[in-house]
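What follows is a single structure, written as C-alpha cells, with notes after it.
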Amino acid sequence: AIVTESLEQLNVTRVVIAHRLSTIRNADVIYVMSQGRVVQKGGFDELMEKEGLFRRLVSRQLV
18 AIVTESLEQL NVTRVVIAHR LSTIRNADVI YVMSQGRVVQ KGGFDELMEK
68 EGLFRRLVSR QLV
C-alpha cells in the first residue's frame, strides 16, 4: 500500500499487469486482453458499465 501511494504521487506512466482487478481500480486506462489481443479499453467504471469480458472477470472476483 505504501509503494502504491508513493507511486500515485509521481507524475509517471506505469504499466501494471494484474490478476487482482482491485489493483487497477484507479488506473486512467485499462486494456483488457484475451488470447493476446486487446478486446476492451477504458476506465474501470466505463468498462463496468459495458457488457464484456472485464465486467465478467470483476463479477467472478467479487463472488
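Position 17, counted from 1, in the sequence shown is what the working numbering calls 34; the numbers after and before it change by one each time, with no gaps.
We treat Cβ as the ideally placed atom computed from N, Cα and C, and that holds for glycine.
Quick one: residues in its chain with C-beta nearer than 8 Å to the C-beta of V56, no 5 flanking neighbours on either side, listed in chain order? For this step, residue 56 is matched to residue 39 along the sequence shown. Its chain contains V49, M50, G69 and L70 as the residues whose beta carbon lies nearer than 8 Å to that of V56, once the 5 sequence neighbours on both sides are disregarded; these appear in chain order.
Specify the secondary structure class of A54 as computed by DSSP and reduced to three states. Here residue 54 refers to the residue found at position 37 when the sequence shown is read from its first residue. Reading the sequence as shown, one finds Arg at residue 54 and not Ala. Correct three-state label for R54: strand.
Which partner residues does I19 have in the DSSP bridge list? Locating residue 19 in the sequence shown gives position 2, where the first residue counts as 1. Note: I19 sits in no beta bridge, so no partner.
Quick check on this structure: which residue in S39, H36, N43 and R37 has the alpha carbon closest to the alpha carbon of L24? For the purposes of this step, residue 24 is taken as the residue at position 7 of the sequence shown. For L24, the nearest C-alpha among the options comes from N43.
Please classify V49: does DSSP put it in a helix, a strand, or coil? To locate residue 49, count along the sequence shown from 1; it is residue 32. Of the three classes helix, strand and coil, the one that applies to V49 here is strand, per DSSP.
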